[in-house]
Amino acid sequence: MKKILKTIVIRTLFVIAAFAVIGLLTSQLKAQVSSGSVSGSVIDRSSGTPIEGADVTINRIKDSSLVKGGQTDAAGKFTISDVPFGNYYIRVSLVGYNLSIVSGVTLSEAKTSITIDPVKLSSGSTTTEEIVVESEKSLIEFKPDKKVFNVSKNLTSQGGMLIDLLREIPSVTVDQDGNVTLRGGEGVKIMIDGRPSGLDGQSRTIILEQTPASDVESVELITNPSAKYEAEGSTGIINIVMKKDVKKGVGYNGTLGLNAGTGDKYNGQFSLSLKSEKITIYGNYGYNSRNMTMSGFSDRVYYNNTLLSSINENSSALGRGRSHSVKLGLDYYIDKLNTFGISVNFRGNTRGRTNTGFYKEYDLNNNLITDYYSTSISDDIGKSLDVNANYMMRFKTPQQVLTADVSFSRDIDDETNNSSNTYSMPVNNTPPLRNEYSNEKDYSFRGQVDYVHPLNKDSKLEAGYRGNYDQRDNGYRVENFDYSTNQYITDVNQSNDFLYKQQVHALYGIYSNQFGGFGFSLGGRVEQTFIKGELTNTGQNFDRNYIDFFPSLSVSQKLSSTSELQASYSRRVNRPRMRQLNPFRSTSWGNTNNYSEGNPNLNPEFSDAFELSFIQYVKWATITPSIFYRYTRDEISRTRTLIDSVSTLSTFVNYNNSRSYGGELIVNLNPAKFMSLNSTFSYYRSEVDATNLQTGLKNSGDSWTARTMANFILPADFNLQASYFYSGRRVSAQGTFEPVQSLDMAIKKDFFDKKLSITARVSDLLDQAKYKFNFYDVDFSEVSERHRDSRTFFLGITYNFGQQDKKQQKRKRGNENNEGDDDDGYGF
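To convert, count from 1 in the sequence shown and add 509; that's this note's numbering.
Structure follows, in structure tokens:
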């Protein structure tokens, strides 16, 4: 306990000292301007000609009060200057035309000049209550603690799954097994709407592969989370925000989408929401059917072996998956200050896979001594249920908010695997036959309370509690065929039942303040962890209890009206997962030379992360360079060693430490109204120290990733998009991952005022997404490669429908938008 208290005190003093130094260095910078300008043009919707003399007013969102106004000139253009920083909507009106509203206009020191898209007025009565809302989010939004990628604008992932969408996100890399890394680090926390939603267990890949990308509104990257967020995830958090299809105004709206791809890939989605003044009801249904093929090879060479010189494997697989998902939700607006919501989400899926492997073993003279092929047929049935209830209380004081969130989830997964090995050398008339049965049951409960208390217009306090309880029961049974009795016999040495329980209780507090152009946020989080695991068939068990402190600090300085400097520090943790702790030893299908087991003695890995970023806004571009450094103690990693003359054991160990540092550059270009370009370049160096396992076991290397997305708005409502990704070689303690690249393209055509859209896209156009790994050990080396049918052509159609009461929307506008409120309501 003394050691823990000492650590807490030292880290607290460190972040306070860092804040004091940075504040002292920046306190002398000049004061900033406090107003900006808004410009644009007004045209006739039917003829496209400029409209002269239209009235343009700028109104505050929070109270609809008039701030500034003006009229369009002979060219239909207007410019309104000296507008104070804030959040506004613009009213455009003229006798003989319907009123039009442009929402989402924000002026700040980071963006002092805004040019809105041309406002199109429709002929009609000046007294009509119809409002046309014309606003569009940019592809990337930079917020104080995260980057938001509005993926609904991403055409190259439409018709695909969530895992395809993540491959399009800058700084994120996804391999062919569905493993996700962020800036080269594997300890990333993935959430859906701020909750794990089954993404912490073995079903992560299933959820990513069977959730349609069209259901996603945005993806948030939080590379250096504050103390408000759960400390889990040593490299950061990826939060996936799902669509609710709830628009402002009383009425209904919905979306119907169908997609078909080569190789028997199909999916469809339907969503509908109904909204009154007091209640919103929303729901959606999704279906996905996808077949997938895969091929690969593995060549292993032994050193100083007395039996074998090498083993060669060539494999292929055919996978098939079907899934259904249903979500229903309700939001009840008790009054202007209180809101209650509840949602239920059910997913059901079936997966099948047929694997074939050909194996050859050679003796010391390179003579073939063993030749066989293995087949494996597996079937998987999974069901999951997520229930969430949330409550939000707003106070009369602006930005004072109390939220509560409770969620429960249950995942059940049953898998059957039948395998056999057929030998041609030596000849075996009784080939081994094996059945495997796996049953996993996961239960999770989460409760959270958050409170934000503004001290004045520039400072606030935040505090909260979060409690997590997870229980996972993983049963595994193996049967081998006995030719003497002509029946399958249970192998008790290969069967087990592993029970895992984890509790995490957390308290956090954050103080934030703003002094002119300088702002800071200082926070701390304490988490108490209880872990218990038991291998019931052997009685082997373990208990782990520990408490840790996670400080965070972020500072920002406005250098000018168009530039800002940000710096942050946080401490993170990556706790071992159930499969990493399960001490049971098992073999992989078809290859009895490969074993795997968990390590119950694993320690959690802790990371200290620093990041410095700069944001520069210019007329037609946003440029964001950043540098980062991450030091990880007791890094968790997979390792492979020989356990006899030919067999290897894969398990998990703690390395001494690792370091990762580098830079990132994000550039958003808008050189013309018909063209936009987003490019990201990341460079990082990784250094791994595993000398605690083996003398001299170190590795280091440089790697980089680049991603570019170009978007073109063509005549006749066509939209063309191209996306290219390249990931350079990266290292681990025992090998290297070879570079991988891919090119995606898509084109979309809109009809009927964008109510109907048809999209055609092709993924991995050049068929280059191959994954290769080089493994090195003192006793053997191995080269492996795998390739899926990633080149796929998709054709999709989307239809949007709905009806809003625009009169209600206009009347409620001032109540539905609260200036300065950026609370997302997610249960972190």
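Idealized CB from N, CA, C, for every residue including glycine.
Where do the N-terminal and C-terminal ends of the beta strand (DSSP E) with residue i fall, by residue?
i     : result
R1094 : Where R1094 is concerned, there is no enclosing beta strand (DSSP E), given that its DSSP letter is neither H nor E.
Q1250 : V1249 to F1260
I716  : No beta strand (DSSP E) contains I716, which is instead part of the alpha helix (DSSP H) from R713 to Q719.
I599  : G595 to S602
Y791  : I788 to Y811
T1245 : G1244 to F1246
S1195 : M1184 to D1198
R1238 : R1238 -> no beta strand (DSSP E), and no H or E assigned at all.
K652  : I649 to K652
D1052 : Q1049 to S1069
T1157 : T1157 to N1163
N568  : D564 to R569
S1272 : L1265 to S1272
Q996  : Q996 to T999
A769  : V759 to G770
Which residues does DSSP pair with residue i in a beta bridge?
i     : result
Q1419 : No answer is possible for residue 1419: it lies beyond the span of the chain, which begins at 510 and ends at 1337.
E1286 : Position check: residue 1286 holds Asp in this sequence, whereas Glu was assumed. DSSP lists no partner for D1286.
P1134 : L1174
L894  : F855 and R919
N948  : D923 and G984
L970  : H962 and Y1020
R943  : S928 and N989
Y841  : I788 and F849
D553  : L630
P559  : I552
G830  : R799 and R860
G745  : V697
I678  : Paired residues: none, contrary to the question.
K1352 : There is simply no residue 1352 to check, as the chain begins at 510 and stops at 1337 in what is shown.
L1151 : T1157
Q580  : D564
Y738  : According to DSSP, Y738 bridges with nothing at all.
So, for residue i: in the same chain, excluding its five sequence neighbours on each side, which residues have a beta-carbon less than 6 Å away from its beta-carbon?
i     : result
G545  : V592, L616, T621 and S622
S852  : G838 and N897
N1179 : W1129 and S1185
P627  : S550 and I552
F504  : Residue 504 lies beyond the range of the chain shown here (510 to 1337); nothing can be said about it.
S536  : In this prediction, S536 scores a pLDDT of 39, lower than 50, which makes its location untrustworthy; the coordinate-derived value is nonetheless stated afterwards. Excluding residues within five positions, none has a Cβ falling inside 6 Å.
K698  : E741, G742 and I746
R986  : Y946 and S1004
L1016 : Y974 and V1035
V1338 : The first residue shown for the chain is 510 and the last is 1337, placing residue 1338 beyond what the model contains.
A1215 : F1190 and Y1235
Please confirm whether residue i has its beta-carbon closer than 7 Å to some beta-carbon of chain B.
i    : result
Y811 : This model lacks chain B altogether, as it is built from one protein chain only.
Looking at the unbroken alpha helix (DSSP H) that takes in residue i, where does it start and where does it end?
i     : result
Q1203 : No alpha helix (DSSP H) contains Q1203, which DSSP labels as neither H nor E.
I1124 : No alpha helix (DSSP H) holds I1124; the beta strand (DSSP E) holding it covers E1114 to V1127.
S1074 : The question names Ser, but residue 1074 in the sequence shown is Leu. L1074 -> not in any alpha helix (DSSP H); beta strand (DSSP E) instead, spanning S1072 to N1083.
L675  : L671 to L675
Near residue i, what residues of its chain come up, given a Cβ to Cβ distance below 8 Å and the 5 sequence neighbours on each side ignored?
i     : result
Q1049 : E1043, P1092 and P1109
V518  : Confidence is the limiting factor: at V518 the pLDDT is only 42, short of 50, which leaves the residue's position unreliable and the question unanswerable from this model.
N875  : S818 and S819
I1152 : Y1104 and L1158
Between residue i and residue j, which are expected to be in contact by the criterion C-beta below 8 Å, what is the C-beta distance as a whole number of angstroms?
i     : j     : result
L630  : Y606  : 4 Å
V1082 : F1029 : About 24 Å; that fails the 8 Å criterion.
S1236 : P1224 : Not confirmed; about 36 Å, so no contact.
I560  : T581  : 6 Å
I649  : N1165 : With a Cβ gap of about 37 Å, I649 and N1165 do not count as contacting.
K656  : L730  : 5 Å
S1167 : S1195 : 7 Å
Counting only the same chain and skipping the five closest in sequence on each side, list residues whose C-beta sits under 7 Å from that of residue i.
i     : result
Y992  : T939
L1275 : L1252
T558  : I552
### Query
Are the segment 1278-1290 and the segment 1304-1314 touching, with three or more C-beta to C-beta distances below 8 Å?
By the Cβ rule, the segment 1278-1290 does not count as touching the segment 1304-1314, because fewer than three pairs are nearer than 8 Å.
### Message
Tell me whether the segment 735-748 and the segment 713-726 touch, counting them as touching only if at least three CB pairs, one residue from each stretch, are closer than 8 Å.
### Response
No, the segment 735-748 is not in contact with the segment 713-726.
### Message
So, does the segment 685-693 touch the segment 1263-1271, judging by three or more C-beta pairs under 8 Å?
### Response
Put simply, the segment 685-693 does not touch the segment 1263-1271. Fewer than three CB pairs are less than 8 Å apart.
### Query
Can you find at least 3 beta carbon pairs, one from the segment 860-871 and one from the segment 815-827, that sit closer than 8 Å?
Verdict: yes, contact present.
#### Entry: Stretch pair the segment 1131-1148 + the segment 796-811: three plus CB contacts closer than 8 Å
No: fewer than three Cβ pairs fall under 8 Å.
### Message
Quick test of the definition: if touching needs 3 or more C-beta pairs under 8 Å, does the segment 979-998 touch the segment 1008-1024?
### Response
Segments in contact, yes.
### Query
Does the segment 789-796 come within contact of the segment 810-818, defined as at least 3 CB pairs closer than 8 Å?
In short, these stretches do not touch, since the Cβ pair count stays below three.
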